[in-house]
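J.: Structure incoming, see below.
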Amino acid sequence: MSLDTRNLRRVAGVSALAVTAIQTVTAAVGIPRQRRDYADGAWGPGLAAVAVTGAVLGNGDPVRRWTTAALTTAWAARLEHLMLGRLRGKDTEDERYTEFLDGSSTAGVVGKVFVTQAVSQLLVSAPTMMAAASTLPRGKRRLLYPLGAAIMVTGAVVEAVADRQKDAYSTRPRDERPSVLDTGLWGWSRHPNYFGDSLFWDGAYVAAAASSPAQWTFPSPIAMNYFLIYATGAKRTEKKMQDRPGYRDYQQRVSFFFPKPGKHV
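When the letters of the sequence shown are read in order and numbered with our numbering, they come out as residues 4 to 268.
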């Protein structure tokens, strides 16, 4: 058995404390200011905190522990820079939160937003925690670790490039840019940033699954893909964008999520 269950309990327990602390501080700052959307800024740091906790406290393969922590921290740092820029650039709360939380009490807000996000962070991070307390096998299965790390890097690059292309489009004067961004990665997928994010966490699962016990954490990447496609990501964006001029045509020409060559007119 390559999994140290006692060590896993330690990693999971401290990770839960770290995530809870981050969410508590975020709620304490955001709720009084009617900025429940500050939760967006806590997503990356929470996931990075779990990965770093696993690297420090885990007794599994050290190279995998620290590689995963480094990649996750770099991913989270870039995302946090992006999120903070967006949050600081607005004086009012994101309308998604205002609509979702309309009429909710303070306790309801804490439960719907901050507790839910904390649980989601721990669920998504289950492969990382499992890997932190697991050794690598000696056979060919151990090759899943470098494969997973490569997928993580690829996903992070795709997400970063897509976000940069989107920012470059957004900074152009409205009368000098097309109504819809359909070039670069956005000509292959309507949501390449979400796809890159999905790829990153799929890679984290593959890297962890090199140790056989971690293969049973497959609900984690499934949950992350659900969040990115249905709950808070691509589908919600589609609903918001569908009335923009040219967007329905864009939907006909370019793949929804998984990249493939678009149809040009």
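All residues carry an ideal CB built from backbone N, CA and C; glycine is no exception.
Terminal residues of the continuous alpha helix (DSSP H) containing H194?
T.: Where H194 is concerned, there is no enclosing alpha helix (DSSP H), given that its DSSP letter is neither H nor E.
J.: Using 8 Å as the Cβ pair cut-off and three pairs as the minimum, do the stretch 83-96 and the stretch 37-47 touch?
T.: Contact holds: three or more Cβ-Cβ distances are below 8 Å.
J.: Sorted by chain position, which residues of the same chain lie with C-beta nearer than 7 Å to Y172's C-beta, five sequence neighbours on each side aside?
T.: R180 and L184
J.: Classify L184 as helix, strand or coil using the three-state DSSP reduction.
T.: coil
J.: Below 8 Å, how does it come out for the stretch 230-246 and the stretch 102-114: are there three or more Cβ pairs, yes or no?
T.: no
J.: What residue does the alpha helix (DSSP H) around P248 start on, and which one ends it?
T.: Careful: P248 lies outside any alpha helix (DSSP H) and carries neither H nor E.
J.: Out of R144, A163 and A217, point me to the one whose CA is closest to T131's CA.
T.: The closest CA to that of T131, considering only R144, A163 and A217, is found on A217.
J.: Would you identify the three-state DSSP class for L85, choosing helix, strand or coil?
T.: helix
J.: Between Q37 and the rest of its own chain, which residues show a CB-CB distance below 7 Å, the 5 nearest in sequence each way excluded?
T.: Around Q37: E96.
J.: Looking at C-alpha atoms only, which residue of T138, P262 and R145 is the closest neighbour of A192?
T.: The question names Ala, but residue 192 in the sequence shown is Ser. Checked all of T138, P262 and R145; the closest Cα to S192 is P262.
J.: Between A73 and the ligand NAD, is the CB less than 8 Å from at least one heavy atom?
T.: The ligand NAD is not part of this structure, which contains no ligands at all.
J.: Give me the Cα-Cα distance between T174 and A77, rounded to the nearest whole angstrom.
T.: Distance between T174 and A77, taken at the CA atoms: about 25 Å.
J.: Please state if the CB of M155 and the CB of L202 are separated by a distance shorter than 9 Å.
T.: Cβ atoms of L202 and M155: closer than 9 Å.
J.: At what residues does the alpha helix (DSSP H) containing N10 begin and finish?
T.: T8 to G33
J.: Start and end of the alpha helix (DSSP H) containing W219?
T.: First-last for W219: undefined, no H or E at that position.
J.: Spell out the partners DSSP gives S137 in its beta bridges.
T.: L6
J.: Taking 6 Å as the limit between beta carbons, can you name the residues of its chain near V268, skipping five residues before and five after?
T.: Caution applies to V268, whose pLDDT of 46 falls short of 50 and renders its modelled position unreliable; the value that the coordinates give is listed next. Nothing listed; no residue qualifies.
J.: Do S223 and T128 come within 9 Å of each other at the CB atom, strictly closer than that value?
T.: For the sequence presented, residue 128 should be read as Ser rather than Thr. In this structure, S223 lies closer than 9 Å to S128 by Cβ.
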